[in-house]
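One gets the working numbering by counting positions in the sequence shown from 1 and adding 85 to each. Just below is one structure, and these are the notes that go with it.
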Amino acid sequence: MKISRLKAKDYSIIIGKNSITTLSYEVKKHCPKCKKIALIIDKKIPKKFLVKIKKKLQKYKIFIFLVSSSEKIKNFNQVNIFIDKLLQLNFNRTDLIIGIGGGIIGDMTGFVSSIFKRGINFINLPSTLLAQVDSCVGGKTGVNSKYGKNLVGSFFNPKVVISETEFLKSLPKRELTCGYAEILKHAIIYDRVFFKYLKKNTKNILSLKDKILVNSISKSCKIKLNFTEKDFKEKNLRMKLNFGHTFAHALEIQNKYSNKLNHGEAVLIGMFIASKISRFEKICSDKTFKQIKDLYNNNFLLKNLTKFIKRDQILKSIKFMKNDKKKDDEKISFIFLKNIGKTTIPGDYKYKTSQVVNLIKKLF
Ligand SMILES: NC(=O)c1ccc[n+]([C@@H]2O[C@H](COP(=O)([O-])OP(=O)(O)OC[C@H]3O[C@@H](n4cnc5c(N)ncnc54)[C@H](O)[C@@H]3O)[C@@H](O)[C@H]2O)c1
Numbered sequence: 086m087k088i089s090r091l092k093a094k095d096y097s098i099i100i101g102k103n104s105i106t107t108l109s110y111e112v113k114k115h116c117p118k119c120k121k122i123a124l125i126i127d128k129k130i131p132k133k134f135l136v137k138i139k140k141k142l143q144k145y146k147i148f149i150f151l152v153s154s155s156e157k158i159k160n161f162n163q164v165n166i167f168i169d170k171l172l173q174l175n176f177n178r179t180d181l182i183i184g185i186g187g188g189i190i191g192d193m194t195g196f197v198s199s200i201f202k203r204g205i206n207f208i209n210l211p212s213t214l215l216a217q218v219d220s221c222v223g224g225k226t227g228v229n230s231k232y233g234k235n236l237v238g239s240f241f242n243p244k245v246v247i248s249e250t251e252f253l254k255s256l257p258k259r260e261l262t263c264g265y266a267e268i269l270k271h272a273i274i275y276d277r278v279f280f281k282y283l284k285k286n287t288k289n290i291l292s293l294k295d296k297i298l299v300n301s302i303s304k305s306c307k308i309k310l311n312f313t314e315k316d317f318k319e320k321n322l323r324m325k326l327n328f329g330h331t332f333a334h335a336l337e338i339q340n341k342y343s344n345k346l347n348h349g350e351a352v353l354i355g356m357f358i359a360s361k362i363s364r365f366e367k368i369c370s371d372k373t374f375k376q377i378k379d380l381y382n383n384n385f386l387l388k389n390l391t392k393f394i395k396r397d398q399i400l401k402s403i404k405f406m407k408n409d410k411k412k413d414d415e416k417i418s419f420i421f422l423k424n425i426g427k428t429t430i431p432g433d434y435k436y437k438t439s440q441v442v443n444l445i446k447k448l449f
């Protein structure tokens, strides 16, 4: 299988088995004056990858930062620790930070890179499916605060993204499903042909069939790029990517961000609720909703999540929607579905909490 290369405005995304072999060439090309490299790497990534990466970068001074990644360390304290170390080691803007990990490492290392001496070179090696299909695209970086998730951050693009699909072999099945949720979201909101492809190939993606996996990662990144390049700073269009996410975030807070319910699982539930409301409000047809429901059922996507789709659970979570930073006035803004591949326009559907409560009581 050939390595696939996508061109964004400011950077490329290289996807596939052994794509990591391009690393030394890419470093030389994008960071010609680089002498030192900080590798910030998730501890759960098998050691053989670190050995490979170090070998590829032999001619540079390498500093390794091993991280036990979790939402709890995605914060300013950890950012400060990195920044202090980089200052102590005399890193310059012409040097380089490489983040190797899931969305947590990617968001955090991107943020550190954007503020270190007002911007140091950054290369992203996403190692989870979610990071390869979603968080590595679009330039959003950031950390959590005690007031909520991802409330502090910047928009900052990497020099290049290298999505080595071999990373995914050690990823737990549950994490693969989380990444798949974002692939499915991209198809539902933008591309009915890709949705058809997913109907046939969901099982192949989840079992990491090489060609289908690379196609799906690439297609997913293209769709996200389409939104983020037209609306880099999330003024309007990009909000369509929040399909299902208003419910998802609320359910995650309701479950205290515990690993009882992962982000991707919450997104699967959130998209299902949003689709059900879309049908009830006659924004989409029965047929459109059935297509989504069938894809969910045929692939058992909600099999282990039924306890979170209970009326009480959803009702209890609604109060947390108020804290969503994406809300710009008292009402809560939703993205609903018109058709497979087409959503409502951001801002068109705003409901009061009481209206959401009524809808959930009618539907669950
Ligand atoms: N910037 C964006 O646009 C954007 C978009 C979506 C999500 N996010 C952020 O991404 C984060 C979630 O990303 P995630 O799901 O990748 O989470 P994550 O980084 O926590 O990774 C998930 C789990 O997989 C482990 N892991 C990582 N790579 C592995 C590998 N190759 N083998 C085995 N285990 C591995 C991690 O240690 C972790 O336990 C959230 O913080 C979210 O806010 C950002």
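C-beta: ideal position from N, C-alpha, C; glycine also. None of these values were measured; they are calculated from a predicted model.
- The C-alpha of Q398 lies about 49 Å from the C-alpha of H115.
- Of the residues V245, I158, K281 and F196, the one whose Cα lies closest to the Cα of K231 is I158.
- According to the DSSP secondary-structure assignment, A359 is paired through a beta bridge with no residue.
- Straight across, the Cα-Cα distance linking L326 with I273 is about 10 Å.
- Taking one beta carbon from each stretch, the segment 333-349 and the segment 371-385 have fewer than 3 pairs nearer than 8 Å; the two do not touch.
- If you check the CB distance, I182 and I125 come in under 8 Å.
- Taking 8 Å as the cut-off, the Cβ atoms of I354 and L380 do not count as close.
- For T262, the distance from the CB to the nearest heavy atom of ligand 1 is not below 7 Å.
- The secondary-structure analysis by DSSP pairs D127 across a beta bridge with V152.
- In terms of Cα proximity to R203, the closest of A93, L172, E251 and G187 is L172.
- Counting C-beta atoms within 10 angstroms of its own C-beta, G223 has 16 or more neighbours from the protein chains shown and is therefore classed as buried.
- According to the DSSP assignment, L444 belongs to the alpha helix (DSSP H) that extends over T438 to L448.
- By the criterion of a C-beta distance shorter than 6 Å, T194 is surrounded in its chain by I125, I182 and G184, once the five residues flanking it on both sides are discounted.
- Pairing E249 with S104 gives a Cβ-Cβ distance under 8 Å.
- By DSSP's assignment, L380 forms no beta bridge with any residue.
- The three-state reading of DSSP puts N235 in strand, counting E and B together.
- For V246, the pairing in a beta bridge is given by DSSP as I98 and N209.
- The residue among K361, G186 and F207 with its C-alpha nearest the C-alpha of F196 is F207.
- Between ligand 1 and the CB of T250, the shortest heavy atom gap is not smaller than 7 Å.
- Annotated as distal: G238 and A216, with beta-carbon spacing of 8 Å or more.
- Note: L181 is bridge-paired with I122 and N206 in the DSSP secondary-structure output.
- Judged by their CB atoms, L269 and L283 are nearer to each other than the 8 Å cut-off.
- A distance of 8 Å or more separates the beta carbons of Y96 and K121.
- Where V222 is concerned, there is no enclosing alpha helix (DSSP H), because DSSP gives it neither an H nor an E.
- In terms of side-chain proximity, the C-beta atom of S220 is found nearer than 7 Å to a non-hydrogen atom of ligand 1.
- Residue environment analysis places L174 among the exposed positions, since fewer than 16 neighbouring C-beta atoms fall within 10 angstroms of its C-beta.
- In terms of Cα proximity to Q339, the closest of F405, N209, I200 and V245 is F405.
- In this chain, I417 is not harboured by any alpha helix (DSSP H); it is covered by the beta strand (DSSP E) spanning I417 to F419.
- If the five residues before and after T107 are omitted, its C-beta is found closer than 6 Å to the C-beta atoms of I99, all from its own chain and listed in chain order.
- Under the three-state reduction of DSSP, G191 is assigned to helix.
- Cα atoms of F357 and E319: separation of roughly 24 Å, rounded to the nearest angstrom.
- Put simply, of T313, T262 and Y110 the residue whose alpha carbon is nearest the alpha carbon of L293 is T262.
- Apart from sequence neighbours up to five positions away, the residues of its chain that approach K102 with a beta-carbon distance below 7 Å are M86, T250, E251 and D295, ordered along the chain.
- The beta carbon of V218 is closer than 7 Å to those of G264, E267, I268, I302, S305 and C306 in its chain, skipping five residues each way along the sequence.
- Taken from the Cβ of H348, at least one heavy atom of ligand 1 lies inside 7 Å.
- With contacts defined by Cβ atoms closer than 8 Å, A359 and F332 form a contacting pair.
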